[in-house]
Every structure is written in structure tokens, then in C-alpha cells.
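Numbering (my numbering), first residue to last: 1 to 146.
Built from N, CA and C at the ideal position, the CB exists for glycine as well.
Below you can see the structure in the form of C-alpha cells.
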């Protein structure tokens, strides 16, 4: 169950982490990503195409086509992927959806959500794809076994 991100963003993060775990600039098919991560193929292709437009992913057409990272994994932060897919509104808006929620007129969860939101934003800003390579490979191996 997602708490913050759309399913599209979750899949996008997973796919980009998978690409980061591959060898430098290795082109990977949407089929492979779909099978390894157990994500519907049509989602993988659409999401990675949108990340191509954002400059995070490269797309190669043709028989040996697929996707690769457009930048080195240490240059891509998780927040970059989130911003490209879902935007950053979640880090600015009320968790309960109340209009005009602010420190002066807080919702019931304003203070607690503010701490969580700030921590989540900082974590996503601090973490780059290369920092998560080993954990990603371990997770992919586990997914493949199920």
C-alpha cells in the first residue's frame, strides 16, 4: 500500500533503481524490467518514456532497444524521479487535503505530518541511485525467487 506516492511513481522508482543496478549504460528491455520486478510491462514502458522526457532515462528503439540511465547513478537523486512523475506537491500540501492548512491554521495532523514530510523529503534528496545499488540487487533477487 502506498502512503505518499502514486503507483506510477513507485514503479518508476523501482525501474530506475533496477537500471542503476545494471552495468554502466547497459540497455535493458522493458520486458526484462517487467519480469524481474513483476510490474506490468505496459506501465514500465510508459513510465520510462516519461522519464526519458525528463532527462533521467535514455530510450533506444529497435530490436536491441530498451532503456538506460541518462546520467551516472550518483547524479540522480530519488527526489528527481519523484518530481518527474508525481511532482513535489505532496511535500507542500496538507496530508488530509484541507485547504489553506498552515502553521497559523493547522489541520489535526499538521505538526506530526510536517516532521514526517520533512524527513521524507530530506531522505529522498540525500539518497542517490548508486547509494542503493546493493540493496536493489538483493531485493531483485528476492523478488525473482517468489
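Backbone secondary structure at residue i - three-state DSSP
{"i": "residue 146", "result": "coil"}
{"i": "residue 140", "result": "helix"}
{"i": "residue 1", "result": "Confidence in residue 1 is poor, its pLDDT being 42 and thus under 50, which makes the residue's placement too unreliable to answer from."}
Opposing strand residues paired with residue i [DSSP bridges]
{"i": "residue 68", "result": "58"}
{"i": "residue 118", "result": "Looking at the DSSP assignment, residue 118 forms no beta bridge with any residue, so it has no partner."}
{"i": "residue 28", "result": "67"}
{"i": "residue 128", "result": "77"}
When the options are compared against residue i, the one with the closest alpha-carbon
{"i": "residue 139", "options": "24, 38, 70", "result": "38"}
{"i": "residue 40", "options": "56, 15, 24", "result": "15"}
{"i": "residue 46", "options": "99, 7, 115, 143", "result": "7"}
{"i": "residue 56", "options": "22, 34, 12", "result": "12"}
Exposure of residue i, with buried meaning 16 or more beta-carbon neighbours within 10 Å
{"i": "residue 28", "result": "buried"}
{"i": "residue 92", "result": "exposed"}
{"i": "residue 72", "result": "exposed"}
Residue interval of the alpha helix (DSSP H) (run including residue i)
{"i": "residue 17", "result": "7–21"}
{"i": "residue 49", "result": "41–53"}
{"i": "residue 95", "result": "No alpha helix (DSSP H) holds residue 95; DSSP gives it neither H nor E."}
{"i": "residue 85", "result": "78–85"}
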